[in-house]
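Read the structure below first, then the notes.
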C-alpha cells in the first residue's frame, strides 16, 4: 500500500486500506454491501482523526475546502443528481 | 486552455482494474515514484444510487516545471484532490482530479474513466484540461500550458507501465489468497472428516 502524508498515520492507514480492499472486492463489487456502514468504519474514523491534524498543520484543509466547492458540479453529474437550479440574484 | 487525451486498453476485467486502481501507487509500481503519499479523505456509498464516492489526497514530489518554479517559487510537494465515483451497476469508475497546489496560477482538471470493453478487457480514457489563469501575456500562458501537456504525456507512458505491474501482482496475490482460503477450509473440515471416520 501507499504511504500516508503523515508518517504517524501510516500504521492505521495500512490497516484501513487492507480492510477497505477486502470489503470492496468481496462485498461491494458483488452487491453485498450496505450503504450505511461496514466493518471498516471504525478504522476509517481512527485514520481520519490522525490525518486531520496533519492536514491542518500543512494548511491543506483550506485548499481541500476550496477544491470541494469547485467539484460540486462533478458530484451532481456523476452521482446522477443533476437538476435545474434557478438562482435569483440577490436572494 | 490545452487538452491532453489518451486511451489505453488493459487486458484485465473491469473488476480487477477497479480493485487494483486503489493500490495503483504502491511499492509494486516502480514507475510512478513521483507519488509519495495517497490518503483517503472521505468515502461513502450514496444510498440512492449505490455509487461509491471517494476523495483521495495525492501527494507528489516531482520537480515542478521550471517555468512555474520561477514564477511562484518551488513547492517541494504538490497535492492533487482526486474524487472518484464507482458505479457497480453500470461498471464505470470515474475519477476527477484537480490540483491543490499552484491553484491560483493554473487549473488542471483531469478525468479518467475505466469501463469494460468485454469480460476480459477494460478501457482507460484520460482527458486533462490545462488552463493557465494568470493575467498577462498569452505567450507566457501558452508556454505554461505546453509544459504541463508535455509532463502529462511523459507521465502517461510511465503510468500505464506502472499500473500493468500492479495489475499483474494483484492477480497473483488474489490467486494465492484464494488458494490459501481453500486450504484453510480443507484444514477446518479435516477434524470433522476424521470425526466422521471415527464414528
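Residue numbers (UniProt numbering), protein chains in the order written: chain A, 1 to 91; chain B, 1 to 199. Where is the CB? At the ideal position from N, CA and C, for every residue including glycine. Note that the structure is a prediction, hence the values are computed from the model and not measured.
Check whether residue i and residue j have beta carbons under 8 angstroms apart
{"i": "residue 56 of chain B", "j": "residue 36 of chain B", "result": "no"}
{"i": "residue 18 of chain B", "j": "residue 159 of chain B", "result": "no"}
{"i": "residue 87 of chain B", "j": "residue 111 of chain B", "result": "no"}
{"i": "residue 67 of chain A", "j": "residue 81 of chain B", "result": "yes"}
{"i": "residue 4 of chain B", "j": "residue 152 of chain B", "result": "yes"}
{"i": "residue 130 of chain A", "j": "residue 9 of chain A", "result": "What is shown of chain A runs 1 to 91, which leaves residue 130 of chain A out entirely."}
{"i": "residue 130 of chain B", "j": "residue 148 of chain B", "result": "yes"}
{"i": "residue 26 of chain B", "j": "residue 157 of chain B", "result": "no"}
{"i": "residue 71 of chain A", "j": "residue 173 of chain B", "result": "no"}
{"i": "residue 113 of chain B", "j": "residue 83 of chain B", "result": "no"}
{"i": "residue 51 of chain B", "j": "residue 102 of chain B", "result": "no"}
{"i": "residue 170 of chain B", "j": "residue 8 of chain B", "result": "no"}
Environment of residue i [buried if 16+ CB atoms lie within 10 Å]
{"i": "residue 23 of chain B", "result": "buried"}
{"i": "residue 79 of chain B", "result": "buried"}
{"i": "residue 58 of chain B", "result": "buried"}
{"i": "residue 94 of chain B", "result": "buried"}
{"i": "residue 138 of chain B", "result": "exposed"}
{"i": "residue 154 of chain B", "result": "exposed"}
{"i": "residue 189 of chain B", "result": "exposed"}
{"i": "residue 132 of chain B", "result": "buried"}
{"i": "residue 42 of chain B", "result": "exposed"}
{"i": "residue 29 of chain B", "result": "buried"}
{"i": "residue 80 of chain A", "result": "exposed"}
{"i": "residue 200 of chain B", "result": "Lying outside 1 to 199, the shown extent of chain B, residue 200 of chain B is not represented and no answer is given."}
{"i": "residue 65 of chain A", "result": "exposed"}
Test: residue i CB closer than 8 angstroms to a CB of chain A
{"i": "residue 98 of chain B", "result": "yes"}
{"i": "residue 119 of chain B", "result": "no"}
{"i": "residue 79 of chain B", "result": "yes"}
{"i": "residue 22 of chain B", "result": "yes"}
{"i": "residue 37 of chain B", "result": "yes"}
{"i": "residue 11 of chain B", "result": "no"}
{"i": "residue 17 of chain B", "result": "no"}
{"i": "residue 173 of chain B", "result": "no"}
{"i": "residue 52 of chain B", "result": "yes"}
{"i": "residue 43 of chain B", "result": "yes"}
Cβ-Cβ separation, residue j to residue i (assumed contact under 8 angstroms), whole Å
{"i": "residue 5 of chain A", "j": "residue 39 of chain B", "result": "5 angstroms"}
{"i": "residue 100 of chain A", "j": "residue 46 of chain A", "result": "Within the shown structure, residues of chain A are numbered from 1 to 91, placing residue 100 of chain A beyond reach of any answer."}
Short CB-CB distance (under 8 angstroms) between residue i and chain B
{"i": "residue 51 of chain A", "result": "yes"}
{"i": "residue 3 of chain A", "result": "yes"}
{"i": "residue 43 of chain A", "result": "no"}
{"i": "residue 76 of chain A", "result": "no"}
Item to check | Every unbroken alpha helix (DSSP H) inside the stretch 40-109 of chain B [4 residues or more] | outcome: Taking only runs of at least 4 residues, the alpha helix (DSSP H) segments lying wholly in the stretch 40-109 of chain B are 66-72.
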